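Undergrad:
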Amino acid sequence: MKKSIFFSLLILLTGSTVIFSSCSKNDEGMATRLTLYDSLGGTTLVKDPTSSTVMIEQGRLGIRSVVDSTIFVIAADPKLNGFFKVLLAEVTAGNTSGFAELSKNLTDLFCAATGSKNFTYAGDDMVTAHDPAKNPRMNGKAATTDFDQFITDLVAGAKKNKLPDNLIGSVGAIVNTLRGQVVQK
Ligand code: HEM
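Count the sequence shown with the numbering used here and you get residues 11 to 195, in order.
(1) So the beta strand (DSSP E) residue 156 belongs to, where does it begin and stop?
(2) Taking only heavy atoms of the ligand HEM into account, decide whether any of them is closer than 8 Å to the Cβ of residue 134.
(3) Quick check on residue 74: does DSSP put it in helix, strand or coil?
(4) Could you name the residues of the same chain whose beta carbon sits closer than 6 Å to that of residue 66, not counting the 5 residues immediately before and after it, in chain order?
(5) Can you tell me the Cα-Cα spacing of residue 152 and residue 143, whole angstroms?
(6) Do you know how far the Cα of residue 62 is from the Cα of residue 113?
(7) Considering only the beta carbon of each residue, do residue 171 and residue 75 sit closer than 9 Å?
(8) With a threshold of 8 Å, establish whether the CB of residue 203 neighbours any heavy atom of the ligand HEM.
(9) Given a cut-off of 9 Å on the beta-carbon distance, is the pair residue 161 and residue 120 in contact?
(10) Indicate, with yes or no, if the ligand HEM has a heavy atom lying under 8 Å from the CB of residue 78.
(11) Which residues bound the beta strand (DSSP E) around residue 193?
(12) Going by the CB atoms, is the gap between residue 47 and residue 125 shorter than 9 Å?
(13) Thinking residue 44 and residue 56 are a contact (beta carbons under 8 Å), I'd like their distance in whole angstroms, please.
(14) Hey, how far is the Cα of residue 190 from the Cα of residue 180?
(15) Please indicate yes or no: does the CB of residue 71 lie closer than 8 Å to some heavy atom of the ligand HEM?
(16) DSSP puts residue 151 in a beta bridge; with which residues?
(17) On the criterion of 16 or more Cβ atoms from any shown chain inside 10 Å, does residue 163 qualify as buried, or is it exposed?
(18) Answer yes or no: the CB of residue 156 versus the heavy atoms of the ligand HEM, is any distance below 8 Å?
Shown next, in the form of structure tokens:
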């Protein structure tokens, strides 16, 4: 799928996020740059499995599926679910609005970070979102071991969606660029 992988840097949030891309040739034989978003399915429109009347970009659907699976993995993970106390209490009470917002924000973030041109992230910057003093939905400061566990759960979420290992590695590398902003302990 990918021929050669190289990196281009994008200043996206308060720090830097990496867009991973690879080379391919278009119909005229011209070299074009395939983003990780393209490799994840790109802009091809497909039916959204959650609503038969809605179309969604295949890349976004793949990312959203991984994000939602990961949220479920984290919700069941005693090493991390304590951080999400507010969210989990809402969901237990039947209120899924916070889940929907987190899913959208994480999906937008990963779409933008992997090279999508049609989606942008409009949530809090990563330092603010993970500072319990500024975001009361973040129950405690994350340590680097928590961050490692987050990556473990993300990989589990990606594997549930049968994402190939090379793409999991590329997504994991993007996530790792945010470690210094998320870890505040
Ligand atoms: C690179 C890794 C991570 C990314 C990309 C990420 C991304 C995000 C985003 C986009 C939000 C929503 C911000 C908003 O709504 O404005 C968020 C919220 C949150 N994150 Fe992270 N996060 C990461 C790692 C972690 C880790 C390691 C933890 C816990 C140890 C954590 C705990 C939380 C919590 C508790 C919230 C609030 C959830 C809610 O809405 O109730 N995150 N994160």
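Beta carbons: idealized from backbone N, C-alpha and C, even for Gly. Keep in mind it's a predicted model, so treat the numbers as computed, not measured.
TA: Considering the structure as presented:
(1) That residue, residue 156, is in no beta strand (DSSP E); its alpha helix (DSSP H) goes 154 to 170.
(2) The answer is yes for residue 134.
(3) Three-state DSSP puts residue 74 in a helix.
(4) Shown here for residue 66: same chain residues with a beta carbon closer than 6 Å to its own, the five before and five after excluded, namely 58 in chain order.
(5) CA-to-CA, the gap between residue 152 and residue 143 works out to about 13 Å.
(6) Residue 113 and residue 62 have their C-alpha atoms roughly 20 Å apart.
(7) At a Cβ-Cβ threshold of 9 Å, residue 171 and residue 75 count as neighbours.
(8) Outside the displayed span of the chain (11 to 195) sits residue 203, for which this structure offers no information.
(9) Contact flag unset, no.
(10) No.
(11) Counting along the chain, residue 193 falls outside any beta strand (DSSP E), and DSSP gives it neither H nor E.
(12) Yes, these two residues count as a Cβ contact at 9 Å.
(13) The C-beta separation of residue 44 from residue 56 comes to about 18 Å, leaving the pair out of contact by the 8 Å criterion.
(14) Residue 190 and residue 180: Cα-Cα distance of roughly 18 Å.
(15) Here the distance from the Cβ of residue 71 to the nearest heavy atom of the ligand HEM is not below 8 Å.
(16) BP columns for residue 151 are empty, so no partner.
(17) Residue 163 is buried by the Cβ-count criterion.
(18) At least one heavy atom of the ligand HEM is nearer than 8 Å to the Cβ of residue 156, so yes.
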